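Here's the structure, in structure tokens; my notes come after.
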Amino acid sequence: MVFDADTIEAILPPRRERPAGRTFATVDEALAAIPDGGRVFIGGGATVPLALVRAMAEQRHRWTHLELV
17 MVFDADTIEA ILPPRRERPA GRTFATVDEA LAAIPDGGRV FIGGGATVPL
67 ALVRAMAEQR HRWTHLELV
């Protein structure tokens, strides 16, 4: 089986549209929402939010205790 864009598109579920009014947070907004002592789940594989992880590493002094899952 050849895995080109058309083949992959045919086997994937249909794309869902983003609900009206729903927006994404900026990295700064996401960092501001993480409290000291909080727990942050970081998805693996292709879902790793690299910009957020890099920003968390750069600003690690903001937290004294943070659980990463």
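To convert, take the position in the sequence shown, counting from 1, and add 16; that gives this note's numbering. In this text, a Cβ means the ideal position worked out from N, Cα and C, and glycines have one as well. Values in this document were obtained by computation on a predicted structure and should not be read as measured data.
Just how far apart, CA to CA, sit Gln75 and Thr42?
Your numbering for residue 75 matches position 59 in the sequence shown. Your numbering for residue 42 matches position 26 in the sequence shown. So the alpha carbons of these two residues sit roughly 15 Å apart.
Please state the DSSP three-state secondary structure of Leu28.
In the sequence shown, the residue the question calls residue 28 occupies position 12. Of the three classes helix, strand and coil, the one that applies to Leu28 here is coil, per DSSP.
At which residues does the alpha helix (DSSP H) containing Ala46 begin and terminate?
Taking the sequence shown and counting its residues from 1, the one referred to as residue 46 is at position 30. Looking at the DSSP string, the run of the alpha helix (DSSP H) that includes Ala46 is 43-48.
If I follow the unbroken alpha helix (DSSP H) through Ala73, where does it start and stop?
Here residue 73 refers to the residue found at position 57 when the sequence shown is read from its first residue. Residues 66-74.
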